[in-house]
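In this note's numbering, the protein residues as written are 412 to 555.
From the three backbone atoms N, C-alpha and C, an ideal C-beta is built for every residue, glycine too.
Heads up, the thing below is written out as structure tokens.
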């Protein structure tokens, strides 16, 4: 294993969940895989994003994960696309709460999808796969 591969594995493990984007003609899907605790880290990322004053301005954004594909962005409306998960700070706080509520009820082996309850003009959805507690996010990366 190269140093770069080890660094990527470490970054997935630090993130505590794995994500990818399944592109489809009609509607693409952001897929998140993690233990319940690991997926709660995405909730925490949204919490941190929405409480950072610098993110109050349109087009502010943060990238997440070893490849930086996942982007959360401040925008004038709630929207999930192939390029970003966006909304006003209030929208993103709402998304955080939607995910936390669904995650609270989820058991290993279950999944849930978020679409229209977040944004009506979404071109992508968010699907969360609840894995076992010992799930290693780096194990999902086919590039390693």
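- Checking the DSSP bridge columns, you'll see residue 431 partnered with 442.
- In the DSSP annotation of this structure, the continuous segment of the alpha helix (DSSP H) that includes residue 459 starts and ends at 447 to 462.
- Residue state for residue 522 is assigned as strand, using DSSP reduced to three classes.
- Shortest Cα-Cα distance from residue 494 to any of 434, 428, 512, 447 involves 434.
- The criterion of a C-beta distance shorter than 8 Å is satisfied by residue 529 and residue 506.
- Beta-bridge analysis with DSSP links residue 553 to no other residue.
- Per DSSP, residue 537 is one residue of the beta strand (DSSP E) stretching across 535 to 541.
- Between residue 458 and residue 413, the alpha-carbon positions lie close to 34 Å from each other.
- In terms of Cα proximity to residue 545, the closest of 430, 524, 447, 535 is 447.
- Between the segment 482 to 502 and the segment 415 to 431, the count of C-beta pairs closer than 8 Å stays below three; the two stretches do not touch.
- By the neighbour-count criterion, in which a residue is buried when 16 or more other Cβ atoms sit within 10 angstroms of its Cβ, residue 535 is buried.
- Taking a 10 Å sphere around the C-beta of residue 465, we find fewer than 16 other C-beta atoms and assign the residue as exposed.
- Residue state for residue 482 is assigned as strand, using DSSP reduced to three classes.
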